[in-house]
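Okay, structure first, notes after.
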Amino acid sequence: MFKIQIETRMRPALLPLVLIQLGLIFSAVNPAEAYELGQGWHSGNYFVSGYANIEVINRFGVPSRLDLDDLSLFASGHISQWVNPFTEVELSKHTLIQQGGGAVHGDIIIERFYNDTLFSEHNTLRVGKLLAPLGDWNLVHAAPLIPIITRPYTTARGFAAYIGGISWMHDAEDGVTPDLQIYAQPDTEWFKRPTSQTIRNFRNVLGGHLNLPFGLVDKIGISLQHGEFIETGETFTLYGVNANKSFGKLRLESEAITAHFSGVVLPGSTPRLHDNESGIFGLADYTVIPQWHVILEAEYYQDHTLDRSSRNTLLAVAYKPTAAMIWKLEYIHQAGVSASMAPISTGLKAACSFLF
Amino acid sequence: MFIFILMRLPLLILGFLWATSGQAGGLLVIASPAVPDAAISVKQLADIYSLKKTFWADSTRVVPVNREISSAERDNFSDAVFNLSPEELAEYWNRLNFQGKLPPLVQTSDQAVVGFVRSVPGAIGYVSGDSAPKGVKVLLRLP
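Residue numbers (the numbering used here), protein chains in the order written: chain A, 118 to 473; chain B, 4 to 146.
Here it is as structure tokens:
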């Protein structure tokens, strides 16, 4: 029944991409290579991997459910200096079991689809659909790579998280000067995500991100994005900062954004109550004993279309038996508005995520 | 009999220590004979395994090879080059993997690493021991 639902909902154009990825998965693995969970599969110049995320959600006042939140496959090829394709296809937010019956069928989405041209070891031109380098979270948002289940609004809500267009990436050679990525989306998002996945869509987007790494984990970044909010006709200019810092067993992470909205709101669309939309979150991840983490997170977010802000705090426990797998249990308390910002509301969540 | 064993105990301890120190010997960083570099620094090695350096001087793609995460060699390598645990490095590679970069390939023995490095142009790996295996070049010795 599950397969039938996917087939009937899948657009014909997506079928070849899924079949290619499945074919690569089941193609011969290099015989000299051992498989480790999260390692993916190599076949010549091609590489396939992915991840799965299963969630149990028990929000107060809402039926509990078990979701296949993400089943994602990504495939890449390193063919020449000019041809280095990458694609990620995902089955997203498919409800497996819901208290009292009913079901929400997932969507097949092309998350990313691009080609990299390597002009030098440190300069790459990327063309296609890509993740916007805005903050750190958006670039590594896969469930097995992040410590909590509930994604902060600050990391996704106020900007174009996906870009359909062109991007230039410069990695600093000396490790002292910052890495730079600039991008442009001349029109709307390619392979647009369904409305069940995103409440906002953007066009004519320009942006840039500076990232200054300190070692492999610690970093500071600043971001800029300018674009047009399709649903309301408003234009926005957003500034963001992000920072990661580790102190032994303690890892701290924070991102903040502020966006200024202007222009006349289209008739019939949600009115603008504030000219600015701002958010900040802070997260502390402490390794109590190896593989066991306690995480505390707090966020403030003021949406420009809502009168009240969202103020949520989260306490979580995570168990990481391997680097490719994580079990999470978290309680989130929403103290501010939540009705129009449905993803974050008071309740319990549990999840199991793994890379393959 | 007891005295016989007691007299030989220091020799047994010395023998154990010698054998243990032999097993915990350094690592040799080896590369394909086709690689143009004759030697590399620890910084260059870190750049390769952090996937920042992806091409050799002759534009051949660098193919880094890892041992399995549970191996003593990978533990020693992670500590000597990055001062991180294998798990911390694995998390780093997982993040890059999600961003479309290939993590190092895994081989499960010194012999497999040597065989892979010998046959794949651009390959680089590490093995335990002090003497250079045949058919590969040694770029660096790690403690």
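Idealized CB from N, CA, C, for every residue including glycine.
Does any residue of chain B bring its CB to less than 8 Å from the CB of A:Ser288? Ser is not the amino acid found at residue 288 of chain A; the sequence shown has Asp there. Judged by the 8 Å Cβ criterion, A:Asp288 is in contact with chain B.
Through-space distance from A:Gln408 to A:Thr439, alpha-carbon basis: 8 Å
Distance, A:Phe177 Cα to A:Val206 Cα: 32 Å
C-beta neighbour in chain A for B:Lys137, strict 8 Å: no
Any Cβ of chain B within less than 8 Å of the Cβ of A:Phe203? yes
What separation, rounded to the nearest whole angstrom, lies between the Cα atoms of A:Thr422 and A:Glu351? 12 Å
Own chain residues within Cβ distance below 6 Å of A:Pro264, not counting five before or after: Asp402, Ile412, Ala435
Let me check understanding here. Comparing Cα to Cα, which of B:Gly118, B:Val66, B:Arg121, B:Ser112 lies closest to B:Ile72? B:Ser112
Does the region 304 to 318 of chain A come close enough to the region 329 to 336 of chain A to have 3 or more Cβ pairs within less than 8 Å? no
Within-8 Å CB hit, B:Ser35 to chain A: no
Identity of the residues DSSP links to A:Pro330 by a beta bridge: A:Lys336
If you measure from the beta carbon of B:Thr149 to each beta carbon in chain A, is any gap under 8 Å? The requested residue 149 of chain B is not part of the displayed model; chain B covers only 4 to 146.
A:Phe119 versus B:Pro106: straight-line alpha-carbon distance, rounded: Since pLDDT at A:Phe119 reaches only 37, below the 50 mark, its modelled position is unreliable, and the value read off the structure follows with that caveat. In a straight line, the C-alpha of A:Phe119 is about 33 Å away from that of B:Pro106.
Residues near A:Lys437 in its chain [Cβ-Cβ closer than 6 Å; skip 5 each side]: Gln408, Ile443
Neighbour list for B:Asn79 in chain A, Cβ cutoff strictly below 9 Å: Per Cβ cutoff of 9 Å: no residues; B:Asn79 is ~18 Å from chain A at best.
Simplified DSSP assignment, three categories, for B:Ser24: Residue confidence for B:Ser24 is low, a pLDDT of 42 falling below 50, so the modelled location carries little weight and cannot support an answer.
Cα-Cα separation, B:Leu87 to A:Pro303: 42 Å
Closer than 8 Å is the cut-off here; do at least three beta carbon pairs connect the region 217 to 235 of chain A with the region 75 to 87 of chain B? no
Considering only C-alpha positions, which residue in the set A:Glu238, A:Ser363, A:Gly217 is nearest to A:Glu290? A:Glu238
Please confirm whether A:Leu247 and A:Arg229 have their CB atoms less than 8 Å apart. yes
Under 8 Å between beta-carbons, which chain A residues line up against B:Ser53? List them in chain order, please. Leu333
Local conformation of A:Glu394 per DSSP, three classes: strand
Cα-Cα, which of A:Phe398, A:Pro311, A:Lys366, A:Thr212 is closest to A:Ile226? A:Pro311
Measuring only the C-alpha atoms, how far is B:Val130 from A:Ala441? 25 Å
Can you tell me whether A:Gln156 is helix, strand or coil according to DSSP? coil
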